[in-house]
Every structure is written in structure tokens, then in C-alpha cells.
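**Q** Under UniProt numbering, the sequence shown has 650 at position 650, and the numbering climbs by one with no breaks.
Just passing along the structure, written as C-alpha cells.
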Amino acid sequence: MGMCLIPGRNCLHSVSRLFHQPGTLRNQVIFTNSICCRVFYAASTAFALDDYGFDSNPPAEDNLGNDITMPRKVFISKRRRKLCHKVATVFKSLNWEVARGVTSWSTIRKCGFPHSINAFRTIVHIYASVGMHSQVYALLRDMVCYYQEANFDLFFLFPNLLDSPNEAERSRVVFDALMKVYAANSLVEQAVDVYVQAMKIGLTLNIFSINFLLKCLAEANRGNYLLSLFEDLKNFGPRPNVYTYTIMMNFYCRGDYRQDEVVIEKVTEMLNEMEDSGEAPSVVTYSTFIRALCKVGYVEIAFDFICELRSKSEPLNSYCYNAVIEGYCQRGEPDKALGILEEMKTCGFTPDVYSYSILIDGFCESGDLEKGLSLLEEMESSDIKPSLVSYGSLLKGFCKNGMMDIALDIFHRIGTLGYEYDVHAYGFLINGYCVQGDMDSACKLLKEMMRNNLTPIASNYSNLIHGFCKIGCLHKALVFFSVMLKEGIFPLIRTCNTMVHEYCSKWQLEEALKLMDKMRDQGIMPNTFTYNAVINGLCKDRKSERALELIPVMLKSNIFPNVVNYSTLMDGCAKQLKTKKALMLYAMMLKVGVTPDAIAYTVLINIFSRGRRMSDACYFFKEMIGKDLLPDKVSYTSVIAGFCRTGKVKKALGVFKEMLQRDHLPSAVTYTCLIDGFCKVKRMDMAIMLVDEMTRKNIALDIVTYNVLIAGYKRLRCLDRAYDVFDEMRKEGITPDPITLKMLGLDGDVVKDC
Numbered sequence: 001m002g003m004c005l006i007p008g009r010n011c012l013h014s015v016s017r018l019f020h021q022p023g024t025l026r027n028q029v030i031f032t033n034s035i036c037c038r039v040f041y042a043a044s045t046a047f048a049l050d051d052y053g054f055d056s057n058p059p060a061e062d063n064l065g066n067d068i069t070m071p072r073k074v075f076i077s078k079r080r081r082k083l084c085h086k087v088a089t090v091f092k093s094l095n096w097e098v099a100r101g102v103t104s105w106s107t108i109r110k111c112g113f114p115h116s117i118n119a120f121r122t123i124v125h126i127y128a129s130v131g132m133h134s135q136v137y138a139l140l141r142d143m144v145c146y147y148q149e150a151n152f153d154l155f156f157l158f159p160n161l162l163d164s165p166n167e168a169e170r171s172r173v174v175f176d177a178l179m180k181v182y183a184a185n186s187l188v189e190q191a192v193d194v195y196v197q198a199m200k201i202g203l204t205l206n207i208f209s210i211n212f213l214l215k216c217l218a219e220a221n222r223g224n225y226l227l228s229l230f231e232d233l234k235n236f237g238p239r240p241n242v243y244t245y246t247i248m249m250n251f252y253c254r255g256d257y258r259q260d261e262v263v264i265e266k267v268t269e270m271l272n273e274m275e276d277s278g279e280a281p282s283v284v285t286y287s288t289f290i291r292a293l294c295k296v297g298y299v300e301i302a303f304d305f306i307c308e309l310r311s312k313s314e315p316l317n318s319y320c321y322n323a324v325i326e327g328y329c330q331r332g333e334p335d336k337a338l339g340i341l342e343e344m345k346t347c348g349f350t351p352d353v354y355s356y357s358i359l360i361d362g363f364c365e366s367g368d369l370e371k372g373l374s375l376l377e378e379m380e381s382s383d384i385k386p387s388l389v390s391y392g393s394l395l396k397g398f399c400k401n402g403m404m405d406i407a408l409d410i411f412h413r414i415g416t417l418g419y420e421y422d423v424h425a426y427g428f429l430i431n432g433y434c435v436q437g438d439m440d441s442a443c444k445l446l447k448e449m450m451r452n453n454l455t456p457i458a459s460n461y462s463n464l465i466h467g468f469c470k471i472g473c474l475h476k477a478l479v480f481f482s483v484m485l486k487e488g489i490f491p492l493i494r495t496c497n498t499m500v501h502e503y504c505s506k507w508q509l510e511e512a513l514k515l516m517d518k519m520r521d522q523g524i525m526p527n528t529f530t531y532n533a534v535i536n537g538l539c540k541d542r543k544s545e546r547a548l549e550l551i552p553v554m555l556k557s558n559i560f561p562n563v564v565n566y567s568t569l570m571d572g573c574a575k576q577l578k579t580k581k582a583l584m585l586y587a588m589m590l591k592v593g594v595t596p597d598a599i600a601y602t603v604l605i606n607i608f609s610r611g612r613r614m615s616d617a618c619y620f621f622k623e624m625i626g627k628d629l630l631p632d633k634v635s636y637t638s639v640i641a642g643f644c645r646t647g648k649v650k651k652a653l654g655v656f657k658e659m660l661q662r663d664h665l666p667s668a669v670t671y672t673c674l675i676d677g678f679c680k681v682k683r684m685d686m687a688i689m690l691v692d693e694m695t696r697k698n699i700a701l702d703i704v705t706y707n708v709l710i711a712g713y714k715r716l717r718c719l720d721r722a723y724d725v726f727d728e729m730r731k732e733g734i735t736p737d738p739i740t741l742k743m744l745g746l747d748g749d750v751v752k753d754c
């Protein structure tokens, strides 16, 4: 005789959570603390079958057991008599409408939850006993919904449905269904609890129902429950079947296992376990294993496995081959994928629409659009109707390569074949025109799309905004940005960053800051790229103090400045000769654990080179190389300029030669720094040699280079040579600046007369 616990309407129940480890589910204990409950017995269901409810003196029934003493009088309320009548009706007629009425809110309110759940339990078991499993499932689903709406603890539904351990088969059907209801509604903890409680009272649930639970656990990524349940099945039953193992293989393929070797190890383990247990792998199992191999890049091994299966006459299908075709295409090897398609045909497997669609997409991604078109024609000649995905790959490919005329022809062809255009097809074309800067055509397509009752999505507007920003039409980009917000479409952060960057490039920095505020109001939080665009703009506008104020704002928003943010600020401060603040930023960067990049080191080298602190400059230069951050020509030029400032031209020349050995092409600035160094130590021969080298390498001398030479000759009192340089400068079409005129004692009028 079963005893069931009915939760009181005003009672709260606490149930311990399951902490599962593999193979321990059977040993878990579900307990309650301070439970307020009413007790009902399964024997009452026998009396519910009388149309008139309970008699005041019911006859004794031997099958109720000698240990039960029935009361001499039972007083039946009207509402309970009504429920008894419904139970009797269901028993005699299996009337579905009457059964559903027991789970309605109105019935439960009128009759009270304890009586209703008692009647519900009886009805559910009636349907289970006659094999009406879909009705059992539907009734349990209704009761689960009631429990949720009434805020009852779902862990108590299992004991409320326990009728009698003596009727194990009938209870098994009910709890199979309850477990599936929970699993289907993402109540996986409650579903696992049903399995545990059923096993504790000796019920072995159906492996197919358990497989459904395993599948739901895998989809919910609840690996702890999944692995524990699987181990329990192997240890205590029911024995896993081929579907169980296939579900586990699928889980390992798409789970959180980041290492490829772990994925292969797990799926191979499942395949071996399945074969050892006597379960014959199905074609789905094999295709799952093959897809796992391809997913982690073992495409050749996957194809060898297919060949082995074929030699053993094991089951294969097109999905197995499609996995290999997709694997090669994802690796950027569509030609090898095409070879698999031909092999597939040779072995008697007919390629399907997916086989061709994968290949078409692979060739289009690799830029071989002609091959993609030929495969489309091959599909049609083989009476395989191309899907919208097949055409979409071609459409995307031609748009990506700027071949908009052909893309437009394919677009029109899609319409003539009876396919309905979707937002993605329009999106490919709109993006294609935006990339080419043909914004008129892009806007016309957007209007056509809306006339066809297709609502633009965020990417459509984003492409238009990016396109207008690219051609410098910020005001039109703003129009579409406003339309997005008005339509309730949230812009992508990338779109907002593009507009912020465009504002900064046009020196409209305050507008950029206002847009960031607007982003926050719309729930779009600026990221490091947003802040870096504004910080960079402010630093270029020589407003490094204003840029520094953004660091606390970032930190308040839980956005931690990265190396680009710090490097940009350091560079901005250094260019404004705020050396102390630049060094402070460097110290702050190290303190918060941000590793300096090449730009940060270059800024530091430049700061110390300007300050003639060459020991410090060389220290950071060597540290930069030691961290595998190769100096560029800016770094080398800074060191060369520093040594030249301190008169150490030999060291500067040594750094210059190292720069050439590392294949860095010196700029005019690099040569000018070195020429200036030699001029200052009165080595005009070396200076002229460097000028000749510049000429041989087609590096044009600028006004600064000529001024350095003139100053060098003037320092040696060789005024004739200084004027020769002046004349050569004018022949090259370079207009003298005030520094040139001052050094030669000339004025602007004299130059004009010449």
C-alpha cells in the first residue's frame, strides 16, 4: 500500500539538491526538512470507482490487507463526491474531457488541491493501465504547469503520484512520462530526481525515456548530470543501447572540450564500449564518429574510416561522406572535397542537396566562383533542386568579390524559380553595393525589400551606416542610425564604433562623446575599441588631459583599459611633452598587469632619446627585443636621433647598420637625423655620403634635410657650399622656409626675385 505526501497549500518545502558524480546517482538521498503534509492512501482509489461516491458503511475488502482498519463512517463533502464521480466516469468511459477537467484551475480551486491531486493520481494510473501513454503525458504536463503557476515545489510531484509499489509496471509508465515531461520543459534536475527516486523504490524506467533525458541534458550542457546518469546506466541498468552511446558521442563532439585530442579520445571510447557491450553501431553512430574526426581536423583519418567500413559492408550513407566534404571545405581545400564527391558516386552513394551546397559554399569562399556555378549546373542536370542556401553561397561570393551584375542576375533567378526572397538574400546585395560605395543602389534595394514586406534587420542598417561612413557621408549614416533606434532595432556595437570613429576622424570629438552617452542610454555599452577611438582622437587634438579623464569612466563600467589604450595615452602625453604623465601611465600599466607592446616601448624610447637619457632608451630598446617585439623604423630612428643629439655618431651609425641588416628601410627622417649628427661633429664627408645614398635609393630630401646641410656648411664657414645646397633645393622645387632664409641672411623678396 502506497503512502503519498501532499504538500499543504501554505507550506514551503526545501529539497536537497543533487550533487552528482559518475556512478553515484543511486546512492543519493532526497530529504525534506520541516515538511507539513497530509497523508492519503492508495486504497482510497478503489472506492472512487462507485458512481455515487463512498457508502457510509463500505463492505470489507480482503485485498486491502488485514493491517488496515477502516472508519465506521466516512463523511464525504460535495466537492469530494464530485471528484469521485469524475474518477468513476474516467474509469468507465476513459472520457478525455473529464480527465482534463481535473487539472483545471477552476476544479482545483473548488475541490481543493489535496482532493484534486488524489483524483488526478487515480486518473493518470487508469490511463497508464490501459496503455494510453500520450494521454498520461498530456495530463502530467498540465499538472507540471499547475505546480509552476502555483509556485509548488516540483520535487514533490513524484511522491504525490506514487500509487502502490505493488503495481510497479503501472507506476513505471507514469514515471517514464513524468521524467520526459520534466526533460522536455528544461526541468532537468527534477527529471534526474524522478530517475533516482524510481530506482530507489525498485522501478526500472524505460531506456528510451532515459535516452530522451540524456539528450535534453546534453542540449542543456549539463555534463555533470549526464555523465553521472550514463555511469549509473552501465552499473545498474537499464543497459545503454545504441542510441544512448550515440547521444554521448554527440555530447562530446559539441561539448566544452577545447582540446581536439580529448574529443577524439572520448568518442572513440564510446564506440569501443558500444561494440564491447554487444550493441551494433548504427549508421547514425558512424556518421557521428566521422563528423567528430572532421570537426577536429582529422579529415584524412575520417575518410580512411569510411573506406574501412565500406570494406566490412558496415552501414554508410551520404551524411558520412558529407562530413568529410565539409571537413575539407572548412580547411580551405574544396578540390579535395570534390574528390570525395566523385568517390561517393563511384561507391554507389548518390550525393544530395547538402553535398553540393557544402561544395558550392567551399568554392565560393575560396574565390573559385566559376566552379561554384558549374556545380550548381551539375545539381540541376542530376535532378537535384538547389536550395536557397546553394544560391545564397553564390550570391554572397559574387557580392564579396564586387561582381554585382552577376550577383543581381542570380538574385533575379532565385525569384523566377519560385523561392521567396529573404532578408539574407537582400542583405548580401546591400552589403555588396555598400562595399563598392554604390550607396544609391544599396538604398534602392532596402526600399524594395521593405515593399516586399520584409523587415530590415540590424545587419542591413549596419552595412548602410558603414557604407556611408566609408564615403564620408556621416549625416546620412546618422539618418539610418536614427531609423534603427526608432524601429526598436539595437545597433551592433561595431556599428556604433564605426560612427564614433567617423566623428573622431572629422575632429567632432564632442559629438563622439555624446554618441557614447546615447549608446549607454540604449543599453549598448561602449567597449575598449569605442574608448580607444575617442582617446586617440583627443590625443591627436592635443587634449591628452581630457583623454585621461576617460580611464576612470572605463573602470566604473568594468571595462579595463588594454595596452592600446595605455599606449595611445602615453604617445599623446609624450607629444605634448608631458613626460611625467607618460611615465606614470607606463607604471600604471605594469601595476595592473598589462604587458607593454611595441608601440608602448617605442614611446618610452622616444621620450628618453629626446631627454638625452640614452642609457634608459637603450635599456627599453633591448628589453623590447628580448620580449620578441621587433623594433620598427620609428624605434630605430628614435635611438639614432638620441645618439646624434649626444654627439655619439659612431653608435648612431652602428644602430643604422643594424636597422639595414633587419631589412627596415630607413625613411628621410632617419637619414636626416644621421646627417645632422655628422654635420654637428663637422664630418661633412659622411653627411654627403649619406645624401648620395638617399639619392641612389630614391629617397627624396625634404626641407629639413637641406636645412641641416646648410647649417653644417655654415658651421664650417663654407658659405659657397651652403648657397650651392640652397640653389639645388630650389631646383628640386622645394620652397625655402623661414629657417632657411634666416641661416643665409635672405628675405622673402630676394627669393622671389631669384
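Beta carbons are placed, not taken as given, at the ideal position from N, Cα and C, and that holds for glycine.
The model shown is predicted, which means the values in this text are computed figures rather than measured ones.
Would you say Val389 reaches chain C, if we count a Cβ-Cβ gap shorter than 7 Å as a contact?
**A** This model lacks chain C altogether, as it is built from one protein chain only.
**Q** Pick out whichever of Met248, Lys506 and Ser393 has its Cα sitting closest to the Cα of Cys364.
**A** Within the sequence shown, the letter at position 364 stands for residue 364. Among Met248, Lys506 and Ser393, the Cα nearest to that of Cys364 is on Ser393.
**Q** Using 10 angstroms around the beta-carbon of Arg291, count the other beta-carbons present and answer buried if the total reaches 16, otherwise exposed.
**A** Here residue 291 refers to the residue found at position 291 when the sequence shown is read from its first residue. Buried, by the Cβ-count rule.
**Q** Let me confirm a value: Ile605 is counted as buried when at least 16 other C-beta atoms fall within 10 Å, else exposed. Which label applies?
**A** Stepping through the sequence shown from its first residue, residue 605 is reached at position 605. By the neighbour-count rule (16 or more Cβ atoms within 10 Å), Ile605 is buried.
**Q** What runs of the alpha helix (DSSP H), each 4 residues or longer, lie entirely inside the stretch 583 to 629?
**A** The qualifying runs are 598 to 610 and 614 to 626.
**Q** Contact between the stretch 308 to 316 and the stretch 326 to 335 is defined here as three or more beta-carbon pairs at a separation below 8 Å; is this criterion met?
**A** No, because fewer than three Cβ pairs between the stretch 308 to 316 and the stretch 326 to 335 fall closer than 8 Å, the two stretches do not touch.
**Q** If we ignore side chains and look at the alpha-carbon of each, how far apart do Lys486 and Met525 end up?
**A** Sequence index remark: in the sequence shown, residue 486 carries index 486 (1-based). Sequence index remark: in the sequence shown, residue 525 carries index 525 (1-based). Cα to Cα, Lys486 sits roughly 19 Å from Met525.
**Q** Report the three-state DSSP secondary structure of Thr740 (helix, strand or coil).
**A** The sequence position of residue 740 within the sequence shown is 740, counting from 1. Note: Thr740 maps to helix in three-state DSSP.
**Q** Indicate whether Asn250 and Glu279 have their beta-carbon atoms separated by less than 7 Å.
**A** Counting from one through the sequence shown, the residue named residue 250 turns up at place 250. Counting from one through the sequence shown, the residue named residue 279 turns up at place 279. It is not a contact, given that the beta carbons lie outside the stated cut-off.
**Q** Excluding the five sequence neighbours on either side, which residues of its own chain have a C-beta within less than 6 Å of the C-beta of Arg72, listed in chain order?
**A** The sequence position of residue 72 within the sequence shown is 72, counting from 1. Residue placement at Arg72 cannot be trusted, given a pLDDT of 45 that sits under 50; what the coordinates show is reported in the next sentence. The answer is none, since no qualifying residue turns up.
**Q** Can you tell me the Cα-Cα spacing of Ile640 and Ile625, whole angstroms?
**A** One-based indexing of the sequence shown puts residue 640 at position 640. One-based indexing of the sequence shown puts residue 625 at position 625. Between Ile640 and Ile625, the C-alpha separation is close to 16 Å.
**Q** Is it right to say Ile123 is buried, meaning 16 or more other beta carbons lie within 10 angstroms of its own, or is it exposed?
**A** Numbered from its first residue, the sequence shown carries residue 123 at position 123. Burial call: buried.
**Q** Looking only at its chain, what residues have a beta carbon closer than 6 Å to the beta carbon of Met379, apart from the 5 residues adjacent to it on each side?
**A** For the purposes of this step, residue 379 is identified with residue 379 of the sequence shown, where counting begins at 1. Same-chain partners within the cutoff: Tyr356 and Pro386.
**Q** What does the alpha-carbon distance come out to for the pair Phe411 and Ser382?
**A** Counting from one through the sequence shown, the residue named residue 411 turns up at place 411. Counting from one through the sequence shown, the residue named residue 382 turns up at place 382. About 22 Å.
**Q** For Ser277, which of helix, strand or coil comes out of DSSP?
**A** Here residue 277 is taken as the residue at index 277 of the sequence shown, counted from 1. In the structure shown, Ser277 sits in coil (DSSP, three-state: anything other than H, G, I, E or B).
**Q** Quick one: what's got a C-beta closer than 8 Å to Val188's C-beta in the same chain, skipping five residues either side?
**A** In the sequence shown, counting from the first residue as 1, residue 188 sits at position 188. Taken in chain order, the residues that qualify are Tyr182, Leu213, Cys216, Leu217, Ala220, Arg222 and Tyr225.
**Q** Using three-state DSSP, classify Leu701 as helix, strand or coil.
**A** Indexing the sequence shown from 1 puts residue 701 at position 701. Leu701: coil per DSSP, three-state reduction.
**Q** Excluding the 5 residues preceding and the 5 following Asn527 in the sequence, name in chain order all residues of the same chain whose CB lies nearer than 7 Å to its CB.
**A** As a working note, residue 527 is residue 527 in the sequence shown. Cβ neighbours of Asn527 beyond the five flanking positions: Ile493 and Ile559.
**Q** Would you report the Cα separation of Ala700 and Ala600, rounded to the nearest angstrom?
**A** To locate residue 700, count along the sequence shown from 1; it is residue 700. To locate residue 600, count along the sequence shown from 1; it is residue 600. C-alpha separation (whole angstroms): 30 Å.
**Q** With distances taken between CB atoms, is the gap from Val649 to Val681 smaller than 7 Å?
**A** The residue labelled residue 649 in the question sits at position 649 within the sequence shown. The residue labelled residue 681 in the question sits at position 681 within the sequence shown. Yes, the Cβ-Cβ distance between Val649 and Val681 is below 7 Å.
**Q** By the DSSP assignment, the alpha helix (DSSP H) with Met684 in it spans what residues?
**A** Reading the sequence shown from its first residue, position 684 is the one you call residue 684. Run containing Met684: Met684 to Arg696, per the alpha helix (DSSP H) assignment.
**Q** Under three-state DSSP, which class holds Phe152?
**A** Within the sequence shown, residue 152 is the residue found at index 152, counting from 1. DSSP places Phe152 in coil when its eight states are reduced to three.
**Q** Within 10 angstroms of the Cβ of Gln148, are there 16 or more other Cβ atoms? Answer buried if so, exposed if not.
**A** By one-based count along the sequence shown, residue 148 stands at place 148. Exposed: under 16 other Cβ atoms inside 10 Å.
**Q** In this structure, how does DSSP classify Phe560 when only helix, strand and coil are distinguished?
**A** On the sequence shown, position 560 is the one that residue 560 refers to. Phe560: coil per DSSP, three-state reduction.
**Q** Between which two residues does the alpha helix (DSSP H) harbouring Cys469 extend?
**A** Counting from one through the sequence shown, the residue named residue 469 turns up at place 469. Unbroken alpha helix (DSSP H) run through Cys469: Ala458 to Lys470.
**Q** Tell me which residues share the same chain as Gln522 and place their Cβ nearer than 6 Å to its Cβ, disregarding the 5 neighbours each side in the sequence.
**A** On the sequence shown, residue 522 is found 522 positions in, with the first residue counted as 1. Within the same chain, Gln522 has no close Cβ partners at all.
**Q** For Ala425, count neighbouring Cβ atoms within 10 angstroms of its own Cβ and tell me buried if that reaches 16, exposed if not.
**A** As a first step, residue 425 must be located in the sequence shown, where it is residue number 425. Looking at its Cβ environment, which holds 16 or more other Cβ atoms inside 10 Å, Ala425 is buried.
**Q** What residue range is occupied by the uninterrupted alpha helix (DSSP H) comprising Phe411?
**A** Position 411 of the sequence shown, counted from the first residue, corresponds to residue 411. Where Phe411 is concerned, the enclosing alpha helix (DSSP H) stretches over Met404 to Thr416.
**Q** Please work out which residues of its chain come closer than 6 Å, Cβ to Cβ, to Met684, disregarding the five sequence neighbours upstream and downstream, and give them in chain order.
**A** Position 684 of the sequence shown, counted from the start, is the residue given in the question as residue 684. Same-chain partners within the cutoff: Gly712.
**Q** With the cut-off set at 7 Å, would you say Val136 and Ala177 are in Cβ contact?
**A** Indexing the sequence shown from 1 puts residue 136 at position 136. Indexing the sequence shown from 1 puts residue 177 at position 177. Result yes, Cβ atoms of Val136 and Ala177 sit closer than 7 Å.
**Q** In chain order, what residues of the same chain lie with their CB nearer than 7 Å to the CB of Lys581, ignoring the 5 residues before and after it?
**A** By one-based count along the sequence shown, residue 581 stands at place 581. Hits under 7 Å: Cys573.
**Q** Would you give the residue range spanned by the alpha helix (DSSP H) that Val435 belongs to?
**A** Counting from one through the sequence shown, the residue named residue 435 turns up at place 435. Val435 -> alpha helix (DSSP H) spans Val423 to Gln436.
**Q** Excluding the 5 residues flanking Phe289 on each side, which residues of the same chain have their C-beta closer than 7 Å to its C-beta?
**A** Position 289 of the sequence shown, counted from the first residue, corresponds to residue 289. Contacts found: Met249, Val267 and Leu271.
**Q** Use the C-beta contact count for Arg451: other C-beta atoms within 10 angstroms, 16 or more gives buried, fewer gives exposed.
**A** As a working note, residue 451 is residue 451 in the sequence shown. Label assigned to Arg451: exposed.
**Q** Which of helix, strand or coil does DSSP assign to Ser134?
**A** Walking along the sequence shown from the start, residue 134 turns up at place 134. Ser134 falls in the helix class under three-state DSSP.
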